[in-house]
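For reference, the structure discussed in these notes is given below.
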Amino acid sequence: MTKRTIDVNYLARVEGEGSLYVKLDGDEISELEFGIFEPPRFFEAFLRGRHFTEVPDITSRICGICPIGYQTSSINAMEDACGVIVTPEIDALRRLIYCGEWIESHALHVYLLHAPDFLGYESAIHLAKDFPDEVQMGLRMKKAGNSIVDAVGGREIHPVNMKLGGFYRAPTRRELNALVPDLEWGLDAALRTANLVAGFTFPELERDYLFVAMRHEDEYPMARGRIASSAGLDITAHEYEDNFRESHVERSNALHSLTSDGLAYHVGPMARFNLNADLLTPQAAAAATRADLVPPITNPFRSIIVRAIEIVLAFEEALRIIDEYDPPQPPAVDIVPQAGTGFGTSEAPRGLLFHRYQIDAGGLIEEARIVPPTSQNQPTIEADLHDLISANLRLSDEDLTWQCEQAIRNYDPCISCATHFLDLRIHRG
Amino acid sequence: MTNPKLAVWKFASCDGCQLSLLDAEDELLAVAAAIEIANFPEASREVLPGPYQLSLVEGSITTPHDAERIQQVRDESEFLITIGACATAGGIQALRNWSDVAEFTRAVYATPAFIDTLDTSTAIADHVTVDFELPGCPISKQQLLEVINAFLHGRRPDIPGYSVCLECKRRGTTCVMVAAGTPCLGPVTQAGCGALCPAYDRGCYGCFGPAESANLESLVAEWSRLDVDKPTLIRALRTYNGYAPAFRVASEQLEDSR
Numbered sequence: 227m228t229k230r231t232i233d234v235n236y237l238a239r240v241e242g243e244g245s246l247y248v249k250l251d252g253d254e255i256s257e258l259e260f261g262i263f264e265p266p267r268f269f270e271a272f273l274r275g276r277h278f279t280e281v282p283d284i285t286s287r288i289c290g291i292c293p294i295g296y297q298t299s300s301i302n303a304m305e306d307a308c309g310v311i312v313t314p315e316i317d318a319l320r321r322l323i324y325c326g327e328w329i330e331s332h333a334l335h336v337y338l339l340h341a342p343d344f345l346g347y348e349s350a351i352h353l354a355k356d357f358p359d360e361v362q363m364g365l366r367m368k369k370a371g372n373s374i375v376d377a378v379g380g381r382e383i384h385p386v387n388m389k390l391g392g393f394y395r396a397p398t399r400r401e402l403n404a405l406v407p408d409l410e411w412g413l414d415a416a417l418r419t420a421n422l423v424a425g426f427t428f429p430e431l432e433r434d435y436l437f438v439a440m441r442h443e444d445e446y447p448m449a450r451g452r453i454a455s456s457a458g459l460d461i462t463a464h465e466y467e468d469n470f471r472e473s474h475v476e477r478s479n480a481l482h483s484l485t486s487d488g489l490a491y492h493v494g495p496m497a498r499f500n501l502n503a504d505l506l507t508p509q510a511a512a513a514a515t516r517a518d519l520v521p522p523i524t525n526p527f528r529s530i531i532v533r534a535i536e537i538v539l540a541f542e543e544a545l546r547i548i549d550e551y552d553p554p555q556p557p558a559v560d561i562v563p564q565a566g567t568g569f570g571t572s573e574a575p576r577g578l579l580f581h582r583y584q585i586d587a588g589g590l591i592e593e594a595r596i597v598p599p600t601s602q603n604q605p606t607i608e609a610d611l612h613d614l615i616s617a618n619l620r621l622s623d624e625d626l627t628w629q630c631e632q633a634i635r636n637y638d639p640c641i642s643c644a645t646h647f648l649d650l651r652i653h654r655g
Numbered sequence: 584m585t586n587p588k589l590a591v592w593k594f595a596s597c598d599g600c601q602l603s604l605l606d607a608e609d610e611l612l613a614v615a616a617a618i619e620i621a622n623f624p625e626a627s628r629e630v631l632p633g634p635y636q637l638s639l640v641e642g643s644i645t646t647p648h649d650a651e652r653i654q655q656v657r658d659e660s661e662f663l664i665t666i667g668a669c670a671t672a673g674g675i676q677a678l679r680n681w682s683d684v685a686e687f688t689r690a691v692y693a694t695p696a697f698i699d700t701l702d703t704s705t706a707i708a709d710h711v712t713v714d715f716e717l718p719g720c721p722i723s724k725q726q727l728l729e730v731i732n733a734f735l736h737g738r739r740p741d742i743p744g745y746s747v748c749l750e751c752k753r754r755g756t757t758c759v760m761v762a763a764g765t766p767c768l769g770p771v772t773q774a775g776c777g778a779l780c781p782a783y784d785r786g787c788y789g790c791f792g793p794a795e796s797a798n799l800e801s802l803v804a805e806w807s808r809l810d811v812d813k814p815t816l817i818r819a820l821r822t823y824n825g826y827a828p829a830f831r832v833a834s835e836q837l838e839d840s841r
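Just so you know, the protein sequences line up as chains A and B, in that order.
So the first sequence is residues 227 to 655, counted in this note's numbering.
So the second sequence is residues 584 to 841, counted in this note's numbering.
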């Protein structure tokens, strides 16, 4: 019987540090370990004793790629704890900055991190030697997304303008109108991107996923809504922990999430699309139809098309919000601390992001719990790899490793977030 | 002539500072033409062997394994620059330095025995010789490009050590502390962000760390005059650069005087 191992010590083109180890005895996978060795940073521990107004700035530091996700979920949780409901103008501005983060993060992933896998390049820098115009287009879209975060938030990474109740200062109409030409160009570029990635060759893998994503009656979900699943779940953030639980496995500094029935589930762009395709914006819906994207999408490699569709949607939404923009006056509603527990979620680029805080009457945090998208996806990523490897045993170690890495990157795993992730090793020993 | 080799290393961090390099959308391909990106796992699966003429180090040292790894990084690097508050001052995760890490581990993880971590989060310079430190949480991408440019031309980077106040004056922002009584860390915080927070009607929260010769004593007096209580002041000094010596000394003195 031949034995082999696939061993990737430091997975590239993901945000953070992770590894994969696979041991094969003939045609049997005897071990499959998807590890996160990103060192623990203990956010949930040191948040205790901090003041509730500090939480958007502090939790932003969990992830440099999706700070708006962390700021939004934490703000939603604190506003929930204190019984605050913000104005429609503030909600619109929150959706606008969230659009910026989706564009920036998705364009980074589609062009710089994932497209090289499909086209056989080591990196976007190698890719740029043969496809300079396409890579430049990706970078310029990313820049357009960042320009939204910058205009609303003050800077691209760890923006300073988000606060409990709203914003420190509402951007002026002039500041937002200045973005419009780049966003119009970006919308066109996103449509071209959707056509481009729909033409890629997708490895065969169909899986029967349980999809979980937010759902809001009026809009494709970003900063607000309930939690829904492909099995008919429809709950508020308050009921999240009754339906999903985290467990700690030895190989990983990240916690794994499963449903309360012990099932792996899938969060992120594919889950959002499959549960909310009826709420796509007009051009995003048309682009999805052109790309032959009919829900439910169950081949995880096609998630790159869904990301492109979500970039289209984010540009359309950003342009609409700016067109209708009415600066919130005042920029934030007052928030007074109330002893109790608050629950908040939002749809970070990589998927559902849950926060819970217990605060005292003075606003000091007594307990914090944060469940990032990547730790929710981790059992699903392992299950994908299991099926992928079983179906592709005839591949050489080099090709199998490449395909495993590509499959992991389907989830755009953000390891920095999940620690509390990747080195890939296939052992045919 | 071959281009110098660049390596980007990650320790405990949020990835935001190395993302600043990918966020230099207009300059990224030009940088890649002037310097060989030899080891940058967030961007490329290709890893070329060292030695590297320039290493950018993000993140702080929080595990026994990383304490060893930084020594290897130093050995392979001709010029080593730390990027960001984690690498330069220990980062937000240095809040553990004032706490019981075993209790922290129990608070977050069901099986604390699986976690191998140090009691402290410390700056890279506490472990190896650092050739230049670039502060910021996150760093400014313009300052990062300036540091890379200076390295390529063999000159000293032009990174000012003065405080945020000068940037506020230059930007024409009315002082939020004087005019609105908003507590602001701008007088003791190094410039580089462009005096962002006061331009958004809030006080600076110190994400670029202490400025050169920062007068913490005077700042503490001014904040106290604005009726900021001691626990709030200590928290304000203990964020992304809390373990930077000037901020650390000031917060510990406040704590001792309670």
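From the three backbone atoms N, C-alpha and C, an ideal C-beta is built for every residue, glycine too.
With DSSP as the reference, label Ala-558(A) as helix, strand or coil. strand
For a cutoff of 7 Å on Cβ pairs, would you count Ser-572(A) as touching chain B? no
Determine the burial state of Leu-648(A): buried for a count of at least 16 other Cβ atoms within 10 Å of its Cβ, exposed for fewer. Residue confidence is low: Leu-648(A) scores 37 on pLDDT, short of 50, so the model does not pin down where it sits. Its coordinate-derived value is still stated next. Buried is the call here.
Taking 6 Å as the cut-off, is the C-beta of Pro-770(B) nearer than that to any heavy atom in the ligand HEM? The ligand HEM is absent from the structure shown, which contains no ligands of any kind.
According to the neighbour-count rule (16 or more other Cβ atoms, all chains shown, within 10 Å of its Cβ), is Thr-398(A) buried or exposed? exposed
Where do the N-terminal and C-terminal ends of the beta strand (DSSP E) with Val-713(B) fall, by residue? Careful: Val-713(B) lies outside any beta strand (DSSP E) and carries neither H nor E.
Beta-carbon separation (whole angstroms), Glu-608(B) vs Lys-369(A), contact threshold 8 Å: 4 Å
Between Tyr-745(B) and chain A, is any beta-carbon pair separated by less than 7 Å? no
Do Val-281(A) and Leu-779(B) have their beta-carbon atoms positioned less than 7 Å apart in this structure? no
Please compile the residues from chain A whose C-beta is within a distance smaller than 8 Å of the C-beta of Arg-679(B). Phe-268, Ala-271 and Phe-272
Would you list the residues sitting across from Pro-793(B) in a DSSP beta bridge? Thr-772(B)
Check the Cβ of Pro-265(A) against every Cβ in chain B and list those closer than 7 Å, keeping chain order. Ala-595, Thr-645, Thr-646, Asp-649 and Thr-700
Along the segment 700 to 729 of chain B, where does the CB come closer than 7 Å to a CB of chain A? Name the residues. Thr-700, Cys-720 and Pro-721
Kindly indicate the opening and closing residues of the beta strand (DSSP E) around Gly-566(A). 566 to 574
Taking Leu-345(A) as the reference, which of Leu-578(A), Gly-326(A) and Ala-424(A) has the closest Cα? Here the closest residue by C-alpha is Ala-424(A).
For Ile-698(B) and Asp-658(B), I'd like the C-alpha separation in whole angstroms. 28 Å
From the beta carbon of Asn-636(A), is the nearest beta carbon of chain B less than 7 Å away? no
Flag this pair as yes or no: are the beta carbons of Gly-667(B) and Cys-600(B) separated by less than 7 Å? yes
Just checking: is the beta-carbon of Tyr-783(B) within a distance shorter than 7 Å of some beta-carbon in chain A? Using a Cβ-Cβ cut-off of 7 Å, Tyr-783(B) counts as an interface residue toward chain A, since at least one Cβ of chain A sits closer than that to its own.
Measure the C-alpha to C-alpha separation of Lys-355(A) and Val-361(A) and round it to an integer number of angstroms. Taking the Cα positions, Lys-355(A) is about 9 Å away from Val-361(A).
Pull up the CB-CB distance for Leu-519(A) and Ile-537(A), whole angstroms please, since I reckon it's below 8 Å. With a Cβ gap of about 14 Å, Leu-519(A) and Ile-537(A) do not count as contacting.
If you draw a straight line from the C-alpha of Phe-496(A) to the C-alpha of Pro-563(A), how long is it? In the sequence as displayed, the identity of residue 496(A) is Met instead of Phe. The straight-line gap from Cα to Cα measures roughly 37 Å.
Determine the DSSP secondary structure at Met-760(B), reduced to helix, strand or coil. helix
Hey, is Cys-289(A)'s beta-carbon within less than 7 Å of any beta-carbon in chain B? yes
Tell me which residues share the same chain as Asp-649(B) and place their Cβ nearer than 6 Å to its Cβ, disregarding the 5 neighbours each side in the sequence. Phe-594
Near-chain B residues of the segment 381 to 405 of chain A - C-beta to any C-beta below 7 Å: Arg-381, Glu-382, Ile-383, His-384, Val-386, Asn-387, Tyr-394 and Arg-395
For Glu-382(A), three-class secondary structure by DSSP: Reduced to three states, the DSSP call for Glu-382(A) is coil.
So what does DSSP say about Ile-461(A), is it helix, strand or coil? Looking at Ile-461(A) - three-state DSSP - the assignment turns out to be strand.
If you drop the 5 nearest sequence neighbours on each side, which residues of the same chain put their C-beta closer than 8 Å to that of Asp-253(A)? Ser-616 and Leu-619
Inter-stretch contact (C-beta, 8 Å, three-pair minimum) for the segment 458 to 465 of chain A and the segment 316 to 330 of chain A: no
Could you check how far apart the C-beta atoms of Leu-484(A) and Arg-471(A) are, in whole angstroms? I think they sit under 8 Å. 6 Å
With a threshold of 7 Å between beta-carbons, can Ile-351(A) be considered close to chain B, or not? yes
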